[in-house]
Amino acid sequence: MQIIGLTKILNNKKVLDNVNLTIYDGETFVIIGQSGVGKSVLLKHIIGLITPDSGEIYIDGELVDYTDPVQADRIRTKFGMLFQGGALFDSLTVGDNILFALDNLRPELSEEKKQEMMLKSLEMVELPGIEKMSIASLSGGMMKRVALARAIVAEPSIILFDEPTTGLDPITTANINKLILSLKKKLNTTFIMVMHDIKSAKYVGDRIGMLYNGNLIFIGTPKELDKTKNPYVQQFIQGKSEGPITEEYSLMVESNS
Amino acid sequence: MDKIRNFFIDLAKFTLFSIESLRYIPKTMLKPYELFRNILSIGVMSVPVVTATGLFMGLILGLQLGNAMEAIIAGTAQYISGALSVSLVKEVGPVFTSLIVVSRVCSSVTAQIGTMKVTEQIDALKTFAVNPTSFLVTPRVLAGVISLPILGFISILASMMGAWLMLTIFYDIPTSAFIEIAQLPLKVKYIVESLAKMMIIGGFLLLVSTYCGFEAKNGAAGVGEATIRSVVISSFLVILLDYLLGAIFLIFTGGTL
């Protein structure tokens with residue numbers, strides 16, 4: 444997947460400024476940065492939930508125009524997405540939420556096959572047997588797992604994660620990270636993740652990119668992240684308030700989130 | 146000036162939203178599950194409240210008008226059924242039923258869709274290659290077009306029953322006289338106009354309430370604001386459309402009674 448020259452202005456602020464990025468098949472790429480800096484905006488461009496002011500996105504070598512509804516629907520069948528809050532449909536049961544993905548992304552499958560895939564996806568996220576439960580009765584961690592099951596059930600080639608561990612306690616966070624790694628091994632799929640938790644990013648990521656002031660100021664492996672001499676990156680990963688990332692900038696991006 | 150500019154921007158957005166929702170009518174008719182589900186929740190589930198309020202309205206009108214007529218000239222209460230049938234069919238029935246639908250249906254539709262918007266469920270629909278307008282809006286609009294005339298008819302019947310009860314109990318009006326006098330001033334074109342009016346109002350009410358839901362922002366508070374906006378605009382629209390459609394029908398029918 445390739446992003447070339449992506450630029451986006453929101454509320455008169457240049458959130459993304461000529462972003463260039465190549466993500467390789469099968470890798471886990473994690474985008475880190477402060478809250479409100481534009482990580483989710485970048486992620487949503489990839490699946491066309493936001494359209495850029497300028498720039499190009501290539502998926503499997505194909506230039507994507509999400510304003511073309513036919514191409515948009517076709518390209519979106521390659522994706523699964525885990526939203527920050529899960530975005531589960533609360534009028535449907537757990538099983539029906541997952542079947543909804545299959546009904547629309549894999550309509551050619553038989554009902555029996557869809558049932559089988561739904562049950563298998565729940566097993567893969569370590570929640571077998573809960574398909575008849577209502578969404579309202581799920582805990583935060585369970586919601587993330589069900590949302591993940593819904594994201595993977597149609598066997599996409601790229602899965603997007605928008606802050607998969609935000610709002611979860613440390614133990615549940617560790618369990619979700621472990622689950623993500625185990626799914627990675629089983630599915631051999633490209634994962635693109637957005638998070639601000641450095642520990643999780645280094646645990647799950649093959650490569651990490653840091654977004655600051657509209658651009659990716661660092662791209663590299665977790666080891667390269669630790670060793671980088673980039674003062675902006677070091678200030679962020681060490682969690683220091685003093686440094687080149689000023690308080691004014693921090694307040695400005697925080698107001699975007 | 147800003148408020149006037151924003152009003153026209155909103156009006157333009159609503160117009161485009163409405164046109165887009167109409168595009169998906171053929172698709173909705175071909176896959177009518179969502180349409181039937183919405184007819185159930187918008188139409189069938191409104192029957193008890195519409196019946197009850199219609200009945201009580203008839204009771205009050207029968208009692209008060211009967212009292213007033215008898216006070217003017219004794220023995221004239223029996224003619225109320227004629228006045229009631231025309232006024233209920235032409236104006237009171239459509240307006241009253243529409244306002245009940247506004248309070249019961251429009252508020253819940255806006256709240257439901259608004260909540261979906263702020264919790265990214267609408268974005269999730271797009272990632273499953275589901276067009277949110279065709280899935281959430283068009284079935285509801287069509288359900289409104291179909292349901293409101295039926296609900297209006299039920300309300301008018303219930304009101305007439307209420308009036309009949311009062312007039313027979315307090316003024317000894319024979320049922321045969323009530324029915325005969327009720328039919329005297331009624332014309333088929335009044336019924337046709339009333340049905341057409343309610344179909345159009347029903348469609349607009351659901352367009353406004355779904356639009357307000359799609360425009361919700363900023364979490365729970367934003368959903369609350371969107372719901373209030375939906376109810377206020379819908380209530381005003383009922384009176385405005387009632388007047389405009391009444392005037393149009395009057396012009397097209399040559400203004401005769």
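In order, the protein sequences belong to chains A and E. First residue of the first sequence: 444, per the working numbering; consecutive thereafter. First residue of the second sequence: 146, per the working numbering; consecutive thereafter. We treat Cβ as the ideally placed atom computed from N, Cα and C, and that holds for glycine. Note that the coordinates shown come from a computational prediction; the quantities given were computed from them, not determined experimentally.
Residue environment, E691(A), which counts as buried when at least 16 other CB atoms sit within 10 Å: For the purposes of this step, residue 691(A) is taken as the residue at position 248 of the first sequence. The residue in question, E691(A), is exposed, as its Cβ has fewer than 16 Cβ neighbours within 10 Å.
Under 8 Å between C-beta atoms of L453(A) and V473(A): Numbered from 1 along the first sequence, position 10 holds the residue referred to as residue 453(A). Numbered from 1 along the first sequence, position 30 holds the residue referred to as residue 473(A). Their beta carbons are not under 8 Å apart, which means L453(A) does not touch V473(A) by this criterion.
N-terminal and C-terminal residue of the beta strand (DSSP E) that Q223(E) is part of: Taking the second sequence and counting its residues from 1, one reaches residue 223(E) at position 78. Neither: Q223(E) is in no beta strand (DSSP E) and is coded neither H nor E.
The stretch 536-552 of chain A contacting the stretch 272-279 of chain E, beta-carbon criterion three pairs below 8 Å: yes
Whole-angstrom C-beta distance between Q257(E) and A530(A), which should lie under 8 Å: Numbered from 1 along the first sequence, position 87 holds the residue referred to as residue 530(A). Numbered from 1 along the second sequence, position 112 holds the residue referred to as residue 257(E). Wrong, their Cβ atoms sit about 15 Å apart, outside the cutoff.
Segment contact flag, the stretch 172-186 of chain E with the stretch 296-311 of chain E, C-beta cutoff 8 Å, min 3 pairs: no
Selection from V637(A), H488(A) and G648(A) that minimises the alpha carbon distance to G469(A): What you label residue 469(A) is simply residue 26 of the first sequence in a count that begins at 1. Residue G648(A) is the option with its Cα nearest to G469(A).
Sequence-distant residues of its chain with Cβ nearer than 6 Å to V290(E) (five each side left out): Position 145 of the second sequence, counted from the first residue, corresponds to residue 290(E). Around V290(E): M344, G347 and G348.
Any C-beta of chain B under 8 Å from that of T536(A): The question asks about chain B, but that chain is absent: this structure's protein chains are A and E.
Own chain, CB closer than 6 Å to F526(A), minus 5 neighbours either side, in chain order: Here residue 526(A) refers to the residue found at position 83 when the first sequence is read from its first residue. Closer than 6 Å at Cβ, skipping near neighbours: D605.
Residue from T283(E), F159(E) and M261(E) whose Cα sits closest to the Cα of Y169(E): Along the second sequence, read from residue 1 onward, the residue named residue 169(E) stands at position 24. Of the listed residues, the one whose Cα sits closest to Y169(E) is T283(E).
Which of helix, strand or coil DSSP assigns to N363(E): Start at 1 with the first residue of the second sequence, and residue 363(E) comes out as number 218. It is coil, neither helix nor strand.
Endpoints, beta strand (DSSP E) assigned at N463(A): Taking the first sequence and counting its residues from 1, one reaches residue 463(A) at position 20. First-last of the beta strand (DSSP E) with N463(A): K456 to T465.
Test: N547(A) CB closer than 8 Å to a CB of chain E: Counting from 1 along the first sequence, the entry for residue 547(A) is found at position 104. Yes, because at least one Cβ of chain E sits closer than 8 Å to the Cβ of N547(A).
S497(A) - DSSP class collapsed to helix/strand/coil: Residue mapping note: residue 497(A) aligns to position 54 of the first sequence, counting from 1. In this structure, S497(A) counts as strand in the three-state DSSP scheme.
Residue interval of the alpha helix (DSSP H) (run including D268(E)): To locate residue 268(E), count along the second sequence from 1; it is residue 123. Q266 to T272 is the span of the alpha helix (DSSP H), which, as asked, contains D268(E).
CB contact check: V275(E) to chain A, cutoff 8 Å: For the purposes of this step, residue 275(E) is taken as the residue at position 130 of the second sequence. At least one chain A Cβ lies under 8 Å of V275(E).
Residues near R374(E) by beta carbon distance below 6 Å, same chain, minus five either side: In the second sequence, the residue the question calls residue 374(E) occupies position 229. Closer than 6 Å at Cβ, skipping near neighbours: C357.
The stretch 658-665 of chain A / the stretch 489-497 of chain A touching (three or more Cβ pairs under 8 Å): no
Residues of the stretch 262-291 of chain E whose Cβ lies closer than 9 Å to any Cβ of chain A, in chain order: T264, E265, Q266, I267, D268, A269, L270, K271, T272, F273, A274, V275 and N276
N- and C-terminal bounds of the beta strand (DSSP E) containing G672(A): As a working mapping, residue 672(A) is identified with position 229 in the first sequence. First, the residue type needs correcting, since residue 672(A) is Lys and not Gly in the sequence shown. Where K672(A) is concerned, there is no enclosing beta strand (DSSP E), given that its DSSP letter is neither H nor E.
Within 8 Å, strictly: CB atoms of L331(E) and G207(E): One-based indexing of the second sequence puts residue 331(E) at position 186. One-based indexing of the second sequence puts residue 207(E) at position 62. The answer is no: Cβ separation not under 8 Å.
Residue-level contact to chain E via CB, L542(A), 8 Å cutoff: One-based indexing of the first sequence puts residue 542(A) at position 99. Cβ-Cβ to chain E under 8 Å: no for L542(A).
Residue-level contact to chain E via CB, L492(A), 8 Å cutoff: Taking the first sequence and counting its residues from 1, the one referred to as residue 492(A) is at position 49. At least one chain E Cβ lies under 8 Å of L492(A).
Beta carbon proximity, R588(A) to chain E, threshold 8 Å: Taking the first residue of the first sequence as 1, we reach residue 588(A) at position 145. No, because no Cβ of chain E sits closer than 8 Å to the Cβ of R588(A).
Closest by C-alpha distance to G307(E), when choosing among T173(E), G203(E), L329(E) and K158(E): Translated into the one-based positions of the second sequence, residue 307(E) becomes position 162. Cα-wise, what sits closest to G307(E) is G203(E).
Residue burial classification, D640(A) (beta-carbon count within 10 angstroms, cutoff 16): Locating residue 640(A) in the first sequence gives position 197, where the first residue counts as 1. It counts as buried.
is_contact[D516(A), chain E] using C-beta, thresh 8 Å: Working through the first sequence from its first residue, we reach residue 516(A) at position 73. So, interface residue.
L402(E) classed as buried or exposed, judged by whether at least 16 other C-beta atoms fall within 10 angstroms: Position 257 of the second sequence, counting from 1, holds the residue named residue 402(E). Because L402(E) carries a pLDDT of 44, less than 50, the predicted location of this residue cannot be relied on, and no value is offered for it.
Proximity test, Cβ basis, 8 Å: F604(A) and chain E: Position 161 of the first sequence, counted from the start, is the residue given in the question as residue 604(A). Chain E, which has no Cβ nearer than 8 Å to the Cβ of F604(A), makes this no.
Residue from V458(A), G491(A) and N463(A) with nearest C-alpha to Y479(A): Residue mapping note: residue 479(A) aligns to position 36 of the first sequence, counting from 1. The sequence shown places Gly at residue 479(A), rather than the Tyr named in the question. Among V458(A), G491(A) and N463(A), the Cα nearest to that of G479(A) belongs to V458(A).
Simplified DSSP assignment, three categories, for L402(E): Counting from one through the second sequence, the residue named residue 402(E) turns up at place 257. Per-residue confidence for L402(E) stands at a pLDDT of 44, beneath the threshold of 50, marking its modelled position as unreliable; the derived number appears in the next sentence. Of the three classes helix, strand and coil, the one that applies to L402(E) here is coil, per DSSP.
Residue from N363(E), M146(E) and V192(E) with nearest C-alpha to S243(E): Along the second sequence, one-based indexing puts residue 243(E) at 98. Looking at the Cα atoms, V192(E) is the closest of the given residues.
Per-residue contacts from T520(A) into chain E (C-beta, under 8 Å): By 1-based counting over the first sequence, the position of residue 520(A) is 77. Those are A274, listed as they occur along chain E.
Where A530(A) meets chain E, residues with beta-carbon distance less than 8 Å: Position 87 of the first sequence, counting from 1, holds the residue named residue 530(A). Near A530(A) (Cβ distances below 8 Å), the residues of chain E are T264, E265, Q266, D268 and A269.
Given K575(A) as reference, the closest of R519(A), T608(A), I602(A) and S534(A) once Cα atoms are compared: Here residue 575(A) corresponds to residue number 132 of the first sequence, with the count starting at 1. For the residues R519(A), T608(A), I602(A) and S534(A), the minimum Cα distance to K575(A) belongs to S534(A).
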